[in-house]
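Shown next, in structure tokens, is the structure this report addresses.
2 protein chains.
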Amino acid sequence: MSLLVVGSMAFDALETPFGKTDKIIGGAATYAALSASYFVNPVNVVSVVGGDFDQEHIRLMHQRGIDTEGVQVKENEKSFFWSGRYFNDMNSRETLVTELNVLADFDPVVPESYQNCEILMLGNLAPQVQRTVIERLNKRPKLIIMDTMNFWMDIALEELKQTIGLVDVLSINDEEARQLSGEYSLVKAAKKIMALGSKFLIIKKGEHGALLFNEEKVFFAPALPLEEVFDPTGAGDTFAGGFAGYLARTGDVSFDNMKRAVINGSALASFCVEKFGTERIINLSSSEIEARVQQFVNLVAFDTVL
Amino acid sequence: MSLLVVGSMAFDALETPFGKTDKIIGGAATYAALSASYFVNPVNVVSVVGGDFDQEHIRLMHQRGIDTEGVQVKENEKSFFWSGRYFNDMNSRETLVTELNVLADFDPVVPESYQNCEILMLGNLAPQVQRTVIERLNKRPKLIIMDTMNFWMDIALEELKQTIGLVDVLSINDEEARQLSGEYSLVKAAKKIMALGSKFLIIKKGEHGALLFNEEKVFFAPALPLEEVFDPTGAGDTFAGGFAGYLARTGDVSFDNMKRAVINGSALASFCVEKFGTERIINLSSSEIEARVQQFVNLVAFDTVL
Numbered sequence: 328m329s330l331l332v333v334g335s336m337a338f339d340a341l342e343t344p345f346g347k348t349d350k351i352i353g354g355a356a357t358y359a360a361l362s363a364s365y366f367v368n369p370v371n372v373v374s375v376v377g378g379d380f381d382q383e384h385i386r387l388m389h390q391r392g393i394d395t396e397g398v399q400v401k402e403n404e405k406s407f408f409w410s411g412r413y414f415n416d417m418n419s420r421e422t423l424v425t426e427l428n429v430l431a432d433f434d435p436v437v438p439e440s441y442q443n444c445e446i447l448m449l450g451n452l453a454p455q456v457q458r459t460v461i462e463r464l465n466k467r468p469k470l471i472i473m474d475t476m477n478f479w480m481d482i483a484l485e486e487l488k489q490t491i492g493l494v495d496v497l498s499i500n501d502e503e504a505r506q507l508s509g510e511y512s513l514v515k516a517a518k519k520i521m522a523l524g525s526k527f528l529i530i531k532k533g534e535h536g537a538l539l540f541n542e543e544k545v546f547f548a549p550a551l552p553l554e555e556v557f558d559p560t561g562a563g564d565t566f567a568g569g570f571a572g573y574l575a576r577t578g579d580v581s582f583d584n585m586k587r588a589v590i591n592g593s594a595l596a597s598f599c600v601e602k603f604g605t606e607r608i609i610n611l612s613s614s615e616i617e618a619r620v621q622q623f624v625n626l627v628a629f630d631t632v633l
Numbered sequence: 328m329s330l331l332v333v334g335s336m337a338f339d340a341l342e343t344p345f346g347k348t349d350k351i352i353g354g355a356a357t358y359a360a361l362s363a364s365y366f367v368n369p370v371n372v373v374s375v376v377g378g379d380f381d382q383e384h385i386r387l388m389h390q391r392g393i394d395t396e397g398v399q400v401k402e403n404e405k406s407f408f409w410s411g412r413y414f415n416d417m418n419s420r421e422t423l424v425t426e427l428n429v430l431a432d433f434d435p436v437v438p439e440s441y442q443n444c445e446i447l448m449l450g451n452l453a454p455q456v457q458r459t460v461i462e463r464l465n466k467r468p469k470l471i472i473m474d475t476m477n478f479w480m481d482i483a484l485e486e487l488k489q490t491i492g493l494v495d496v497l498s499i500n501d502e503e504a505r506q507l508s509g510e511y512s513l514v515k516a517a518k519k520i521m522a523l524g525s526k527f528l529i530i531k532k533g534e535h536g537a538l539l540f541n542e543e544k545v546f547f548a549p550a551l552p553l554e555e556v557f558d559p560t561g562a563g564d565t566f567a568g569g570f571a572g573y574l575a576r577t578g579d580v581s582f583d584n585m586k587r588a589v590i591n592g593s594a595l596a597s598f599c600v601e602k603f604g605t606e607r608i609i610n611l612s613s614s615e616i617e618a619r620v621q622q623f624v625n626l627v628a629f630d631t632v633l
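Next comes the structure, spelled out in structure tokens:
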């Protein structure tokens with residue numbers, strides 16, 4: 328199935344207990360497209376950058392089979408910039424700088440060659456921008472996957488709920504699920520959130536894995552116990568991109584296949600956190616990925632002769 | 328294999344967001360023995376209670392095949408009493424009252440009929456008391472499992488480390504693993520803790536499941552996503568009792584069988600939290616337990632054709 332990824336392409340400056348970076352390449356679409364590219368080619372991208380964006384990184388994306396025809400370049404403006412600092416537990420962070428720049432008035436354009444996409448992955452963006460992309464597709468994709476953040480729950484809750492009502496799979500983290508639903512229990516939260524319209528819900532729990540809900544069914548994917556989480560930036564986008572890419576490659580959007588997609592997305596995310604930014608996911612080998620997926624299989628495998 | 332459970336039998340008074348109780352039956356040995364009794368009979372118990380302990384509850388334990396010959400009754404003293412309040416997230420709690428009473432000078436006695444036990448489950452107690460039980464067995468059991476708490480890390484760290492050096496399986500929660508090792512990463516923590524001498528380590532993560540470590544191997548068991556955690560008191564003891572009971576029933580203490588034991592212990596713990604105290608685990612049917620174990624199997628099952 329053809330795949331279209333929508334989201335930010337940006338500069339990030341990161342600080343973790345292990346060190347800090349200058350401006351490096353980040354953004355939801357960057358992580359998601361790189362991750363998806365290990366499963367399907369091409370990965371079409373709709374995004375916007377300024378004249379300052381790194382052309383070398385665009386070339387690396389092309390090498391990975393990512394099509395950037397849908398990436399608008401605003402030569403006289405600056406790319407989106409985010410700077411943040413992670414605390415020792417790596418589960419919490421504070422934002423130091425947010426400069427929207429080109430994202431402030433992003434008007435997404437879907438190239439003609441991207442029409443008829445079968446899977447649409449909406450990375451974190453203003454919910455009204457996410458909805459605009461859906462409206463600008465001539466035909467509804469077979470599957471729409473949406474990622475979002477607590478930020479939009481704070482400032483654009485009604486628009487967020489409207490967009491959730493238009494998608495098939497929503498991907499958020501546990502704190503966001505609690506905020507969106509007002510329920511502490513994730514099982515109760517999932518029911519309330521799916522009632523907004525998305526038939527499938529993924530709740531990401533960081534080092535504690537991820538839950539996939541659909542009607543009364545639930546699947547749990549563990550996170551790989553790692554010696555060190557070096558930099559969690561982009562892990563959620565990498566997860567979502569791997570999930571979408573796996574579904575696109577296999578052409579099967581059933582709940583059973585989504586389980587495998589969650590495992591594959593989790594495997595890609597487990598690489599992402601091993602180095603700063605996109606460094607670890609820019610050049611993975613297929614044997615590395617296969618071995619990592621096998622680690623996930625082994626982690627929860629037990630002979631069920633009870 | 329024969330099973331001996333050692334630990335407190337006590338009164339608890341509990342307060343959760345769902346309500347509060349007067350003094351009800353609690354204690355590590357109570358929960359662990361009840362849980363183990365669904366897998367193996369008899370379950371021998373070494374503990375101590377005061378003259379105030381509930382004889383009706385002793386009768387209920389007998390009905391479940393629990394042998395209480397090793398439970399000393401100090402007629403003129405009072406049973407151990409603990410009172411605590413859980414916060415809204417159910418993961419944190421504060422202690423309101425601790426009255427050691429009969430536990431203050433507990434000198435464990437192992438009846439002759441309990442000698443030659445093959446699996447010893449040491450529930451949470453002062454580490455020097457746990458060690459005394461090991462020393463009072465004529466022959467070292469085939470497997471010694473030990474549960475403990477952060478309390479002993481605060482006040483008796485050296486004695487705790489000595490006792491850990493004598494056991495095969497240590498069961499603690501994630502915060503305790505971090506405190507004991509000084510490492511945030513659970514993988515690093517596990518290595519440091521196993522270096523103290525216990526070959527197997529279980530790290531309980533509450534609603535996030537449990538990890539079983541042995542040398543370089545790791546197994547992850549999920550927790551069942553529940554609509555409501557009503558009262559987490561005793562869940563860790565119930566888990567440990569189910570783990571020990573399953574191993575005793577199957578007579579196999581290999582890593583592969585411990586995986587199944589962790590799943591069975593988790594299943595019993597998932598019942599425990601559904602009601603106050605021991606109420607939910609006093610009278611389970613085997614079909615209920617089988618169905619719950621099957622839910623754990625289904626929760627992580629996916630077809631590995633990738």
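Just so you know, the sequences run in chain order A and B.
Just remember that the working numbering sits 327 ahead of the position in the first sequence, which is counted from 1.
Just remember that the working numbering sits 327 ahead of the position in the second sequence, which is counted from 1.
Using N, Cα and C, we set each Cβ at its ideal position, and we do this for glycine too.
{"Query": "Residues of its chain near A/I590, where Cβ-Cβ distance is below 8 Å and the 5 sequence neighbours each way are ignored", "Result": "A548, V620, F623, V624"}
{"Query": "Test: B/I590 CB closer than 8 Å to a CB of chain A", "Result": "yes"}
{"Query": "Sequence-distant residues of the same chain with beta carbon closer than 6 Å to B/L633, five excluded per side", "Result": "Annotation note: pLDDT 48 at B/L633 (below 50); position unreliable, coordinate value reported separately. If we look at B/L633 and ignore the five residues flanking it on each side, it has no Cβ neighbours."}
{"Query": "Runs of beta strand (DSSP E) lying entirely within the segment 354-411 of chain B, each at least 3 residues, in chain order", "Result": "370-377, 393-401"}
{"Query": "Interface residues of the segment 605-623 of chain B facing chain A [CB-CB below 7 Å]", "Result": "V620"}
{"Query": "Coarse secondary structure for A/L626, derived from DSSP in three states", "Result": "helix"}
{"Query": "DSSP three-state assignment for B/Y441, whether helix, strand or coil", "Result": "helix"}
{"Query": "Ranges of the beta strand (DSSP E) found wholly within the segment 451-502 of chain B, counting only runs of at least 3", "Result": "470-474, 496-500"}
{"Query": "Below-8 Å beta-carbon distance, A/D349 vs any chain B residue", "Result": "no"}
{"Query": "Touch test, the segment 552-562 of chain A against the segment 425-441 of chain A, Cβ-Cβ under 8 Å, three pairs minimum", "Result": "no"}
{"Query": "Chain-order list of residues whose beta-carbon lies under 6 Å from that of A/A453 (same chain, five-residue window excluded)", "Result": "none"}
{"Query": "Contact list for B/P549 against chain A, beta-carbon separation under 8 Å", "Result": "G536, F547, P549, V627"}
{"Query": "Terminal residues of the beta strand (DSSP E) in which B/N610 lies", "Result": "Taken as a continuous stretch (DSSP letters only), B/N610 belongs to no beta strand (DSSP E), as it is neither H nor E."}
{"Query": "Continuous alpha helix (DSSP H) stretch holding B/T348: start and end", "Result": "First-last for B/T348: undefined, no H or E at that position."}
{"Query": "Other residues of its chain near B/G536: CB distance less than 8 Å, five sequence neighbours each side excluded", "Result": "F547, A548, P549, A550, S593"}
{"Query": "C-alpha distance - B/Q382 paired with A/V545, whole-angstrom precision", "Result": "43 Å"}
{"Query": "Separation of B/T605 from B/L330, as counted between CA atoms", "Result": "20 Å"}
{"Query": "Sheet register partners of A/M448 (DSSP bridge)", "Result": "A/V332, A/I472"}
{"Query": "Residues bridged to A/R576 [DSSP beta-bridge criterion]", "Result": "Paired residues: none, contrary to the question."}
{"Query": "Exposure of B/N610, with buried meaning 16 or more beta-carbon neighbours within 10 Å", "Result": "exposed"}
{"Query": "Any C-beta of chain B under 8 Å from that of A/N541", "Result": "no"}
{"Query": "Proximal chain B residues relative to A/S362, where beta-carbon distance stays under 9 Å", "Result": "Near A/S362 there are no residues of chain B at all, since even the closest Cβ is about 16 Å away, more than 9 Å."}
{"Query": "Chain C contact for B/L513 (CB, 8 Å cutoff)", "Result": "Absent from the structure: chain C. Protein chains present are A and B."}
{"Query": "Listed by chain order, chain A residues near B/L430 by CB distance under 8 Å", "Result": "None at all; the shortest Cβ gap to chain A is about 34 Å."}
{"Query": "Within-8 Å CB hit, A/K532 to chain B", "Result": "yes"}
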